[in-house]
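Residue numbers (my numbering): 45 to 489. The C-beta atom is built at its ideal place from N, Cα and C for all residues, glycine as well. Here is the structure we will look at, set down as structure tokens.
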């Protein structure tokens with residue numbers, strides 16, 4: 045029975061892959077030929093073409109997983125280890141910048157220019173070429189491929205690769221040992237980044253590029269929030285807590301003229317130093333319907349009359365909410381502090397809603413594509429290995445919310461808000477007296 049099920053699944057995946065390939069082939073046949081080092085599917089390709097590309101990669105990965113042998117895992121890891129080492133070597137000696145963007149160049153000339161051994165350079169090139177990174181056009185000559193050329197035109201890719209090789213990989217490989225030693229500190233890592241601009245730049249690039257398969261939190265949150273029925277609130281106040289700018293507030297106030305919006309940017313957030321660059325639109329501001337404030341993370345909410353509080357949970361280290369126990373991460377402590385800060389305003393009015401938007405929430409196993417889940421869990425482990433932080437699971441956040449209460453009741457999750465790809469973006473929360481059951485959250489709050 046198991047083999048029959050595998051055969052059926054394999055056939056379905058192959059058919060889906062073939063359909064996606066036909067869509068991509070049709071697009072490529074009808075488009076103007078790309079330049080030598082341009083990606084085959086440009087970023088401005090139609091949405092159906094981009095979706096076909098994602099589906100093709102997803103199904104190819106599933107087929108590979110079905111057909112792979114156990115020993116293949118070790119070989120795969122060994123190959124990837126060497127790829128990372130080669131990328132670091134190329135970066136250290138600035139090899140990529142010495143290869144012209146178009147045409148080929150003699151490997152001997154590159155070796156002389158970069159003061160490296162020709163034989164070693166040739167071996168590294170041939171290794172990376174197996175993954176489509178650089179190309180030996182003829183014996184002794186090398187040229188860029190679309191992938192390697194991007195590392196020259198987009199330096200952040202090189203920064204991300206160097207961080208992977210110099211920081212992320214060593215930290216990952218020492219995870220077992222670090223569990224027995226003094227564990228890393230989020231504050232120590234943040235301080236190191238502030239003191240070392242190169243490290244800070246590489247860390248930012250790494251987060252940007254390793255998250256490329258993950259949901260774009262701000263984008264998905266804005267999409268989900270825009271689909272809610274704000275008109276049902278009438279003349280009401282909305283508080284956007286922990287926002288990085290007044291952009292969403294401006295859009296909301298411009299579309300819904302009856303709403304007043306208070307934007308509370310966290311003190312210590314990099315955004316708080318850029319308030320002047322995020323001023324609301326002239327129309328909304330002139331009517332006095334948008335107010336921008338600063339607020340300490342965990343401080344009691346001082347706007348008591350809002351109908352909806354949008355709580356964007358903080359993601360970076362602060363000193364305002366230290367962990368309550370050695371096993372609690374400061375990320376969890378900050379989330380708990382923010383929930384406690386809003387307990388009183390929710391308890392005072394049963395109609396008031398809280399929309400909790402975690403910076404990133406680990407997807408429930410099996411609810412998203414395997415590559416998306418792998419990227420999310422890789423990022424989570426990286427945070428743990430570098431800073432002793434960890435990202436929240438859905439069950440942990442729900443438990444944290446339900447455990448926030450007072451003598452008469454507690455916070456209660458009454459609904460979920462998901463992006464179009466089924467990624468959980470936000471949770472709807474209300475105050476529930478101990479003797480009553482909460483009503484389900486509707487799109488109208």
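- [ ] Assess, as a yes-or-no matter, whether the segment 405–423 is touched by the segment 334–352 under the definition of 3 or more beta carbon pairs within less than 8 Å.
- [x] no
Q. If you pair each beta-carbon of the segment 203–221 with each one of the segment 158–166, do three or more pairs fall below 8 Å?
A. no
Residues bridged to residue 339 (per DSSP)
310
Among 68, 211, 142, nearest to residue 129 - alpha-carbon criterion: 211
* **CA nearest to the CA of residue 268, picked from 56, 467, 233** => 467
Does the segment 346–355 come within contact of the segment 265–284, defined as at least 3 CB pairs closer than 8 Å?
yes
Can you give the beta carbon distance from residue 103 to residue 64, rounded, assuming they're within the 8 Å contact cut? 7 Å
Determine the direct distance from the alpha carbon of residue 282 to that of residue 422, and round the result to whole angstroms. 35 Å
**Message:** Suppose the cutoff is 8 Å on Cβ atoms and the five residues either side in sequence are ignored; what does the same chain contact list for residue 100 look like?
**Reply:** 61, 64, 65, 68
Extent of the continuous alpha helix (DSSP H) to which residue 135 belongs
114–136
*By a C-beta neighbour count over all protein chains shown, 10 Å radius and 16 as the cutoff for buried, is residue 433 buried or exposed?*
buried
Requested in this report: Please indicate yes or no: does the CB of residue 394 lie closer than 7 Å to some heavy atom of the ligand SAH?
Outcome: Looking for the ligand SAH in the displayed structure turns up nothing, as the structure carries no ligands at all.
Practice item. Quick one: grab the DSSP three-state call for residue 413. Key: coil
Sequence-distant residues of the same chain with beta carbon closer than 6 Å to residue 42, five excluded per side:
In the structure as shown, the chain begins at 45 and stops at 489. Residue 42 is therefore absent and cannot be evaluated.
task: Apply the 10 Å Cβ neighbour rule to residue 84 and answer buried if 16 or more other Cβ atoms are within range, or exposed otherwise.
output: exposed
ask   = Does the segment 468–475 come close enough to the segment 442–459 to have 3 or more Cβ pairs within less than 8 Å?
value = yes
* Asked: Quick one: is residue 345 buried, meaning 16 or more other Cβ sit within 10 Å of its Cβ, or exposed?
  -> buried
Provide the residue span of the beta strand (DSSP E) that contains residue 460, from first to last. 453–462
Next on the checklist: Using DSSP's beta-bridge definition, name the partner residues of residue 476.
Outcome noted: 454
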